[in-house]
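Just below is one structure, and these are the notes that go with it.
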Amino acid sequence: MITTVEPGGAVHGMTASSVTSVSLDPPLVLVVIGEERQSHVLIETTGRFGMSILETGQTDIAKHFATPPESRGEINARHITTLSGTPVIANAIAAMDCRVTAAHEAGDHTVFIGEVEAIAVGAGEPLVWFQRQFGGFTEGR
385 MITTVEPGGA VHGMTASSVT SVSLDPPLVL VVIGEERQSH VLIETTGRFG
435 MSILETGQTD IAKHFATPPE SRGEINARHI TTLSGTPVIA NAIAAMDCRV
485 TAAHEAGDHT VFIGEVEAIA VGAGEPLVWF QRQFGGFTEG R
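Right, dumping it as structure tokens:
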């Protein structure tokens, strides 16, 4: 889950399919975002993004932000919190406040690398996207 702030202060988010850890020292993560996405413009403009790793009970939040902005309405404010001023998803397994340190064009997408400046770690099982559906891991599989 990637979150940013719109110019008027509203929270903007997107369910990202391509995020990964890059480095432990300094702590770096990356997200790949299509150039046509509103999140792309907001991250370029603000130089910041929040990254949240959702837990299996947060499927509704992932589905909300996977819906096009013009079709989804507002997210309930109880689902949002902040770390150092950047919005993140409340009660996520992990939530990170990231400052963009590099951006690399890759075809019609941009790879944004962010340094993690603040992190909150929660509990739970990670929400995963596999075979076009949300779920979790099953022990022994």
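Take 385 as the starting number for the sequence shown in the numbering used here and just add one per residue. Idealized CB from N, CA, C, for every residue including glycine.
task: Please work out which residues of its chain come closer than 8 Å, Cβ to Cβ, to V406, disregarding the five sequence neighbours upstream and downstream, and give them in chain order.
output: Position 22 of the sequence shown, counted from the start, is the residue given in the question as residue 406. Closer than 8 Å at Cβ, skipping near neighbours: L412, V413, L414, I497.
- prompt: Can you list, in chain order, the residues of its chain whose CB lies under 7 Å from that of G519, leaving out five sequence neighbours each side?
  reply: Counted from its first residue, the sequence shown places residue 519 at position 135. Hits under 7 Å: V512.
- prompt: Can you list the beta strand (DSSP E) stretches of 3 or more residues lying completely in the stretch 476-502, in chain order?
  reply: 478-490
- prompt: Can Q442 and A476 be called in contact, C-beta distance under 8 Å?
  reply: Start at 1 with the first residue of the sequence shown, and residue 442 comes out as number 58. Start at 1 with the first residue of the sequence shown, and residue 476 comes out as number 92. Yes; because the gap between Cβ atoms is below 8 Å, this pair is in contact.
message: To test your reading of the DSSP string, which unbroken alpha helix (DSSP H) runs of 4 or more residues are found completely within the stretch 394-447?
response: 422-430
field: Residue environment, R456, which counts as buried when at least 16 other CB atoms sit within 10 Å
entry: Here residue 456 refers to the residue found at position 72 when the sequence shown is read from its first residue. So R456 counts as exposed.
query: Excluding the five sequence neighbours on either side, which residues of its own chain have a C-beta within less than 7 Å of the C-beta of E509, listed in chain order?
result: Locating residue 509 in the sequence shown gives position 125, where the first residue counts as 1. Result list for E509: E439, T440, G520, F521, in chain order.
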